[in-house]
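> Those protein sequences? They're chains A and B, same order as listed. Okay, so the first sequence: first residue is 1 according to the numbering used here, each after it adds one. Okay, so the second sequence: first residue is 1001 according to the numbering used here, each after it adds one.
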Amino acid sequence: MLMRVPSLVAIALVVAACGSTGGTAAGSPASLNGSMNIFAAASLTDSFNALGKSFHQAHPSVALFINFAGTPTLVTQIEQGAQADVFASADTANMDKLNADGFTAGSSQVFAHNKLEIVVAPGNPKGINGLADLAKPGVIYITEGSSVPAGKYALQALATAGVKVTPKSLETDVKSVVAKIELGEADAGIVYTTDVRAAGSNVQGVQVPDVVNVIATYPVVTVKGSKNLDIAHAFITYVVSADGQSTLASFGFQHA
Amino acid sequence: MRRERAPLAIGVLATVGAAFFIVPLVGLIVRTPWHDAVQSLTSADTLEALKLSLEASLSATALALVLGVPLAWIYARVEFPGRTVLRALTTLPMVLPPVVGGIALLLAFGRRGLLGSWLDSTFGITLPFTTAGVVMAETFVAMPFLVLTVEAGLRSMDRRYEEAARALGARRWTIFTRVTLPLIAPSLFAGAVLCWARALGEFGATITFAGNFPGVTQTMPLAVYLLLQTNPESSFVLSLVLLAVSLLVLIGLRNRWLGSA
Chain A
1 MLMRVPSLVA
11 IALVVAACGS
21 TGGTAAGSPA
31 SLNGSMNIFA
41 AASLTDSFNA
51 LGKSFHQAHP
61 SVALFINFAG
71 TPTLVTQIEQ
81 GAQADVFASA
91 DTANMDKLNA
101 DGFTAGSSQV
111 FAHNKLEIVV
121 APGNPKGING
131 LADLAKPGVI
141 YITEGSSVPA
151 GKYALQALAT
161 AGVKVTPKSL
171 ETDVKSVVAK
181 IELGEADAGI
191 VYTTDVRAAG
201 SNVQGVQVPD
211 VVNVIATYPV
221 VTVKGSKNLD
231 IAHAFITYVV
241 SADGQSTLAS
251 FGFQHA
Chain B
1001 MRRERAPLAI
1011 GVLATVGAAF
1021 FIVPLVGLIV
1031 RTPWHDAVQS
1041 LTSADTLEAL
1051 KLSLEASLSA
1061 TALALVLGVP
1071 LAWIYARVEF
1081 PGRTVLRALT
1091 TLPMVLPPVV
1101 GGIALLLAFG
1111 RRGLLGSWLD
1121 STFGITLPFT
1131 TAGVVMAETF
1141 VAMPFLVLTV
1151 EAGLRSMDRR
1161 YEEAARALGA
1171 RRWTIFTRVT
1181 LPLIAPSLFA
1191 GAVLCWARAL
1201 GEFGATITFA
1211 GNFPGVTQTM
1221 PLAVYLLLQT
1231 NPESSFVLSL
1241 VLLAVSLLVL
1251 IGLRNRWLGS
1261 A
């Protein structure tokens, strides 16, 4: 028995050492343990995976689970009783709905902005140079349903630009739109700048001028009934910290 | 037959097993807002989805009959190497996740797909995002139900009638249409109804391969899924409609396919 004490102490020290170095990186002490479920908009897929990874490095005893889907899908899941601790929305309307329905704990915090971009195949074979070109004959244009923030913003941008175009499909989230452009099934879609960047060389982006573009606002909140509020608050603090913001910026998001 | 008393453990577990299916149905019925059920059912969007669903599922059933009955006949009557493997491959969609079926359809019949690229370049036909795409997705998922049912019917029928017809000089096609098909009519009917019900409920392959647009590719299951996010009460009502249809199909087939209770 006596022999085991030093090794236990050694392990404890190693853990503490790892924790403190990691803790510095994420800007908070590493005393947290438990697990947390983050419900995040589909457009946050890559950035939140990265944020989750560095948060986990800073807090190794916290297990993180991230559920990505279209924002309205997430709201439905939470309202139907899904165990969410953090909800990151791609718009304020869905956040307001969740809040009005009494499912949020505390007030939400804006952590990022994003804007729309047209996604096309590499080399832009259909010669799409702006929103007006989406209505050209022979162009298969797809977007998101109007309950999805990106789909709602796309409608706003098209209305501002005075472009009338009927989509071939209303997909359930931005990533499905990008996937169908990558597969070559559709010619153009409206998604976020960050989605175009995330898809790399598989697609190409066409800028939407600022005068007609819509700036998307991403709020984050802790969910009512969360049993891991400490961890949830620590994660949100990390997301809005300088570290978190620079990670988000590296994926193309604009500062909050 | 002697009445048997179930051991307590079996009785309890069986009750839990039955409740597992019945409670969700009760939940749906209890939560359905009956006061505006009529309004939900007769809204323009719902009627559009309902009409499209009926058209697409009936077309898929017709297509499955035209292609599936010959396939079932071959499986039941012709011995050839690889028959078991071929039958397994063509009935795979029964157990395959429908979304995987949708991806496979895209890779085969999409604009860049194996056959789809040729269809597009030669005839200018593209299937994704069209009602034809919906029919294809539904046929892909539902036809195996028809094939297996009809094959079972062909295997269990009395072949002496066919032999008698042949002895009287009937040609093979005549025997098939005038003797075989009438004899397996119950299986044909059961297979077609099962196939239609499965097509009507198709979701995964449809949204993946055909997309989602009201009036063109948005069938009832897609409308239900999307309504849950914007108007949950309406989605409950539509769910109940699909539930009633499924229940009617099962009751209608009770004697033919599932054995009477």
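Think of the CB as a built atom: it goes at the ideal place given N, C-alpha and C, for glycine as much as any other residue.
Round the Cβ separation of B:Y1075 and B:E1151 to the nearest angstrom and send it over; I've been treating them as touching at under 8 Å.
The Cβ separation is near 5 Å, so the contact holds.
> Is the number of C-beta pairs between the region 143-156 of chain A and the region 167-174 of chain A that are closer than 8 Å three or more?
Yes, the region 143-156 of chain A touches the region 167-174 of chain A.
> Assign A:A157 to one of two classes, buried (16 or more other C-beta atoms within 10 Å of its C-beta) or exposed (fewer than that).
A:A157 is buried by the Cβ-count criterion.
> Taking 8 Å as the threshold (C-beta atoms), are B:M1143 and B:F1109 in contact?
For B:F1109 and B:M1143, no; Cβs fall outside 8 Å.
> Do A:Y238 and A:H113 have their CB atoms nearer than 8 Å?
Result no, Cβ atoms of A:Y238 and A:H113 do not sit closer than 8 Å.
> Between A:L98 and A:I190, is the Cβ-Cβ spacing less than 8 Å?
Going by C-beta atoms, A:L98 is not nearer than 8 Å to A:I190.
> For chain B, find out if any of its Cβ atoms is closer than 8 Å to the Cβ of A:L170; answer yes or no.
Chain B contact via Cβ: present.
> Could you say if the region 1087-1106 of chain B and the region 1195-1213 of chain B meet the contact criterion of at least three C-beta pairs nearer than 8 Å?
Yes, they touch.
> Taking A:P122 as the query, report the chain B residues whose CB atoms sit under 8 Å from its CB, ordered along the chain.
Going along chain B, no residue has its Cβ under 8 Å from A:P122, so there is no contact; the nearest lies around 13 Å.
> DSSP state of A:K227, grouped into three classes?
Of the three classes helix, strand and coil, the one that applies to A:K227 here is coil, per DSSP.
> If you drop the 5 nearest sequence neighbours on each side, which residues of the same chain put their C-beta closer than 7 Å to that of A:V75?
So the qualifying residues of the chain are N94, K97 and L98.
> Would you say the region 1046-1058 of chain B touches the region 1211-1224 of chain B, given that touching needs at least three Cβ pairs under 8 Å?
Touching, per the Cβ criterion.
> From the DSSP output, read off the bridge partner residues of B:S1057.
For B:S1057, which the question treats as bridged, DSSP gives no partner whatsoever.
> Between A:N129 and A:Q204, which are expected to be in contact by the criterion C-beta below 8 Å, what is the C-beta distance as a whole number of angstroms?
Rounded, the Cβ-Cβ distance is 12 Å, inconsistent with contact.
> How far does the beta strand (DSSP E) with B:E1202 in it reach, from first residue to last?
Premise fails: B:E1202 is in no beta strand (DSSP E) and is neither H nor E.
> Please work out which residues of its chain come closer than 6 Å, Cβ to Cβ, to A:T166, disregarding the five sequence neighbours upstream and downstream, and give them in chain order.
Closer than 6 Å at Cβ, skipping near neighbours: no residue.
> If we count the other Cβ atoms within 10 Å of its Cβ and call it buried at 16 or more, is B:G1011 buried or exposed?
That one is exposed.
> Please list the partners that B:P1128 has in chain A, where partner means a Cβ-to-Cβ separation under 7 Å.
The contacting residues are E185.
> Below 7 Å between beta carbons is the criterion; list the residues of the region 1104-1116 of chain B that meet it against any residue of chain A, in chain order.
Answer set for the region 1104-1116 of chain B: L1106, G1110, R1111 and R1112.
> Taking the CB atoms as reference points, tell me whether A:K168 and A:Y141 lie closer together than 8 Å.
Against a cut-off of 8 Å, the Cβ pair of A:Y141 and A:K168 comes out as a contact.
> Can you pull the chain B neighbours of A:I66, defined as C-beta to C-beta under 8 Å?
Those do not exist, as A:I66 stays about 20 Å from chain B at its closest Cβ, beyond 8 Å.
> Looking at the structure shown, is B:V1030 part of a helix, part of a strand, or coil, going by DSSP?
Reduced to three states, the DSSP call for B:V1030 is helix.
> Does B:S1246 have its Cβ less than 8 Å from a Cβ in chain A?
Judged by the 8 Å Cβ criterion, B:S1246 is not in contact with chain A.
> Counting along the chain, where does the alpha helix (DSSP H) carrying A:V177 start and finish?
Its alpha helix (DSSP H) spans residues V174 to E182.
> Mapping the DSSP letters down to three states, classify B:M1157 as helix, strand or coil.
B:M1157 falls in the coil class under three-state DSSP.
> Could you tell me which uninterrupted beta strand (DSSP E) segments, each at least 3 residues in length, are contained entirely in the region 1122-1192 of chain B, listed from first to last along the chain?
Runs found: none.
> What does B:Q1039 reach in chain A if we use C-beta pairs closer than 9 Å?
Near B:Q1039 there are no residues of chain A at all, since even the closest Cβ is about 20 Å away, more than 9 Å.
> With burial defined as no fewer than 16 other Cβ atoms inside 10 Å of the residue's Cβ, what is the status of B:E1202: buried or exposed?
B:E1202 comes out buried.
> For A:S35, which residues does DSSP report across the bridge?
DSSP lists A:A63 as partners of A:S35.
> So, B:T1061 versus B:W1173, is the Cβ gap smaller than 8 Å?
It is not a contact, given that the beta carbons lie outside the stated cut-off.
> Within the chosen definition, does the region 194-201 of chain A reach the region 1237-1244 of chain B through at least 3 CB pairs nearer than 8 Å?
Because the criterion of three Cβ pairs below 8 Å is not met, the region 194-201 of chain A and the region 1237-1244 of chain B do not touch.
> Quick check on the DSSP output: the alpha helix (DSSP H) that includes A:V212 runs from which residue to which?
Per DSSP, A:V212 belongs to no alpha helix (DSSP H) and is neither H nor E.
> Counting only beta-carbon atoms, is B:G1169 nearer than 8 Å to chain A?
Not one chain A Cβ lies under 8 Å of B:G1169.
> Locate the alpha helix (DSSP H) running through B:A1108, then write down its first and last residues.
Note, B:A1108: alpha helix (DSSP H), P1098 to F1109.
> Where do the N-terminal and C-terminal ends of the alpha helix (DSSP H) with A:H56 fall, by residue?
T45 to A58 is the span of the alpha helix (DSSP H), which, as asked, contains A:H56.
> Run through chain B and tell me which residues come within less than 8 Å of A:G145, C-beta to C-beta.
Those within 8 Å of A:G145 in chain B are N1212 and L1226.
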